[in-house]
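Enquirer:
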Amino acid sequence: MTLKSFLVKGVIPVTLILVVGFLGMKKMEASRQAPQRHKKVDLGVLVEVMEITMADQQVVVYGTGTVQPVQEVMVTPQINGQVIKLNPTFKPGGFFAKDEILFEIDPVDYELALEQAKASLAKVESALASVEGRARIARLDWERMADIGDQQPNSLVLYEPQLKEAQANRGAALAALKQAELNFERTRVRAPFNCMVRNEQIDLGQYVRVGNSVGNLIGTEKAEVIVPVPLDEVKWLDIPRSDKRPGSPAKVHLDMAGERLTWQGRIVRSLGEVDPKGRMVRVVIEVADPYGLSASGSRSKQPLAIGSFVSTEIEGSVLKDTAVIPRKAIRDNSTVWIVDQAKTLQLRKVVVARLEKEQAMIAQGLSSGDKVILTNLSGVAEGMKLRLHGEGAQR
Numbered sequence: 001m002t003l004k005s006f007l008v009k010g011v012i013p014v015t016l017i018l019v020v021g022f023l024g025m026k027k028m029e030a031s032r033q034a035p036q037r038h039k040k041v042d043l044g045v046l047v048e049v050m051e052i053t054m055a056d057q058q059v060v061v062y063g064t065g066t067v068q069p070v071q072e073v074m075v076t077p078q079i080n081g082q083v084i085k086l087n088p089t090f091k092p093g094g095f096f097a098k099d100e101i102l103f104e105i106d107p108v109d110y111e112l113a114l115e116q117a118k119a120s121l122a123k124v125e126s127a128l129a130s131v132e133g134r135a136r137i138a139r140l141d142w143e144r145m146a147d148i149g150d151q152q153p154n155s156l157v158l159y160e161p162q163l164k165e166a167q168a169n170r171g172a173a174l175a176a177l178k179q180a181e182l183n184f185e186r187t188r189v190r191a192p193f194n195c196m197v198r199n200e201q202i203d204l205g206q207y208v209r210v211g212n213s214v215g216n217l218i219g220t221e222k223a224e225v226i227v228p229v230p231l232d233e234v235k236w237l238d239i240p241r242s243d244k245r246p247g248s249p250a251k252v253h254l255d256m257a258g259e260r261l262t263w264q265g266r267i268v269r270s271l272g273e274v275d276p277k278g279r280m281v282r283v284v285i286e287v288a289d290p291y292g293l294s295a296s297g298s299r300s301k302q303p304l305a306i307g308s309f310v311s312t313e314i315e316g317s318v319l320k321d322t323a324v325i326p327r328k329a330i331r332d333n334s335t336v337w338i339v340d341q342a343k344t345l346q347l348r349k350v351v352v353a354r355l356e357k358e359q360a361m362i363a364q365g366l367s368s369g370d371k372v373i374l375t376n377l378s379g380v381a382e383g384m385k386l387r388l389h390g391e392g393a394q395r
């Protein structure tokens, strides 16, 4: 094969094919459109907010304390003697109404003393009557004498010393009778008020003596809880200085066996001193009918037992036109983060009226309808774009 025929039959056709293919690829590349590029949209930082409602807010001061009796007395006999009757209810936890008999002391000796006092009184009253009779007769005899003129009778003539002595004897006999009656009455030892027996040390047949304690009674009509309150919290409370004006109402809670029991109470006073270590003022909350006793003396509910450790909620002042927000929403320098109408962040200075454990009360700086940001953010700047939790993303 000659060179000319090789070029015509082999090289030239291949070259034509390559050129045509190259030109076709260029045409295809030229006709291909570049991909459309979209501008990136700032959707904003996702945040959780709460909408503000301004309203009157009740301040509540929380505390804890121990239940104590308002009344507690020792049972001490006022006479000596042997116990001949013992009320079976006179045991720890037993309830008594006022004037109910706790126990009785042998009255025989005191009954005899009472009879003797009555006899002595009768005797001195008879002697007094006799002296008074002789004194009247003596005065009549003196007045019948014609030659007495203006002369006054002698006191001895009119039995005045004897009369004074007889009157004094009568007074002493009356006092002795009253003492004998009192001692006889004291043989029956009674409850001084509506009470519960806290403890007792007495048995039937025991000889008791004056002044020796045989038990302790605590009143059942009232109990009190002493609650330490921080100094800066006292300003919210109404602490009366007399019994005439009621103090702040309170709730007393006792958690027992998975159940929370509640009693209503009221501040009645403070102890009038500040704890120098904790800077606390101790206020006294009084609870009526802590044992739930009805008029019949039967228990109607679980008792608020003496010694119980309780939590308290004391109602304080009412803050007018105030917002309540989570405490975590308060940022540095008493500011909050607000979402404005344009969904951007704004810093707002506020006046905090009160800080509690979980929430804050805002007196100034917020209005109803404001949206306060609850989410913690880093690198915060005013005007930054925001997106509210629960709203769809908007392009």
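Under this note's numbering, think of the first position of the sequence shown as 1, with each following residue one higher.
Backbone N, C-alpha and C define an ideal beta-carbon position, used for all residues, glycine too.
Predicted model, so just to flag it, every value in this text is computed and none were measured.
1) Taking Cβ positions, are Val227 and Thr312 nearer each other than 7 Å?
2) Would Thr187 be called buried (16 or more neighbouring beta carbons within 10 Å of its own) or exposed?
3) Select from Gly171, Val59, Asn194, Glu259 the residue whose C-alpha is nearest the C-alpha of Phe96.
4) Return the CA-CA distance between Ala129 and Arg136, expressed in angstroms with no decimal places.
5) Among Val61, Val284, Gly44, which residue has its Cα nearest to the Cα of Trp236?
6) Assign Gly219 to buried or exposed, taking buried as 16 or more other Cβ atoms, counted over all protein chains shown, within 10 Å of its Cβ.
7) When the distance is taken between beta carbons, is Pro303 closer than 7 Å to Ala223?
8) Give the list of continuous beta strand (DSSP E) stretches no shorter than 3 residues that lie fully inside the segment 183-251.
9) Which of the three DSSP states, helix, strand or coil, is assigned to Arg170?
10) Where Glu356 and Arg327 are concerned, what is the direct C-alpha to C-alpha distance, given to the nearest angstrom?
11) Determine the burial state of Lys385: buried for a count of at least 16 other Cβ atoms within 10 Å of its Cβ, exposed for fewer.
12) For Val49, collect the residues of the same chain with a Cβ closer than 7 Å to its Cβ; drop the 5 residues on either side in sequence, then sort them by chain order.
13) In three-state terms, what does DSSP make of Ala55?
14) For Gly316 and Val67, which I take to be in contact (beta-carbon distance under 8 Å), what is that distance rounded to the nearest angstrom?
15) Leaving out five residues on either side along the sequence, give the residues of the same chain with a beta carbon under 6 Å from the beta carbon of Met336.
16) CB-CB under 8 Å to Ala393, same chain, minus the five flanking residues each way: which ones, in chain order?
17) Compute the distance between the beta-carbons of Gly402 and Lys301, then report whether it is under 7 Å.
18) Whole-angstrom Cβ separation of Ile267 and Ile239, contact assumed at under 8 Å?
19) On the criterion of 16 or more Cβ atoms from any shown chain inside 10 Å, does Leu7 qualify as buried, or is it exposed?
20) Measuring only the C-alpha atoms, how far is Arg331 from Ser378?
21) Gly316 lies in the beta strand (DSSP E); which residues open and close that run?
22) In this structure, does DSSP put Leu163 in helix, strand or coil?
23) Counting C-beta neighbours from all protein chains within 10 Å, is the total for Glu200 16 or more, i.e. buried, or is it exposed?
24) Pick out whichever of Asp232, Ala363, Ser120 has its Cα sitting closest to the Cα of Ala172.
25) Tell me which residue opens and which closes the beta strand (DSSP E) that Gln264 is part of.
26) Kindly list the residues whose CB is nearer than 6 Å to the CB of Leu163, restricted to its own chain and excluding five residues on each side of it in sequence; keep chain order.
27) Does the distance from the C-beta atom of Ser270 to that of Thr76 stay below 7 Å?
28) Between the segment 167-182 and the segment 96-116, can you find at least three pairs of beta-carbon atoms closer than 8 Å?
29) Can you give the Cα-Cα distance for Phe124 and Gly215, rounded to whole angstroms?
30) Less than 6 Å between the CB of Arg136 and some heavy atom of the ligand SAM, yes or no?
31) Buried or exposed: Gln78, going by 16 or more other Cβ atoms within 10 Å of its Cβ?
32) With distances taken from CA atoms, which of Gly278, Phe184, Val318 is nearest Lys118?
33) Which class does Gly65 belong to by DSSP, given the choice of helix, strand or coil?
34) Taking the straight line between their C-alpha atoms, what separation do you get for Pro107 and Ala166?
35) From Ala360 to Arg354, what does the alpha carbon distance come to, in whole angstroms?
36) Starting from Gly426 and walking both ways along the beta strand (DSSP E), at which residues does that stretch end?
Expert: Here's the rundown:
1) yes
2) buried
3) Asn194
4) 11 Å
5) Val61
6) buried
7) no
8) 188-190, 195-200, 215-219, 222-230
9) helix
10) 7 Å
11) exposed
12) Val339, Lys371, Val372, Ile373, Leu374, Leu388
13) strand
14) Not confirmed; about 22 Å, so no contact.
15) First, the residue type needs correcting, since residue 336 is Val and not Met in the sequence shown. Excluding sequence neighbours, Val336 sits near Ala329, Arg348, Val350, Val372.
16) Here the model assigns Ala393 a pLDDT of 46, short of 50, so the residue's position is not dependable and the matter cannot be decided.
17) Coverage of the chain is limited to positions 1 through 395, which leaves residue 402 absent and any answer about it impossible.
18) 6 Å
19) At Leu7, the pLDDT of 48 sits below 50, so the modelled position is not reliable and the matter cannot be decided from this model.
20) 12 Å
21) 309-326
22) helix
23) buried
24) Ser120
25) 259-275
26) Val131, Ala135
27) no
28) yes
29) For the record, residue 124 in the displayed sequence is Val; it is not Phe. If I take the Cα positions, the gap works out to 42 Å.
30) No copy of the ligand SAM appears in this structure; indeed no ligand is present at all.
31) exposed
32) Phe184
33) strand
34) 31 Å
35) 6 Å
36) In the structure displayed, the chain extends from 1 to 395; residue 426 sits before or after that span and is not available.
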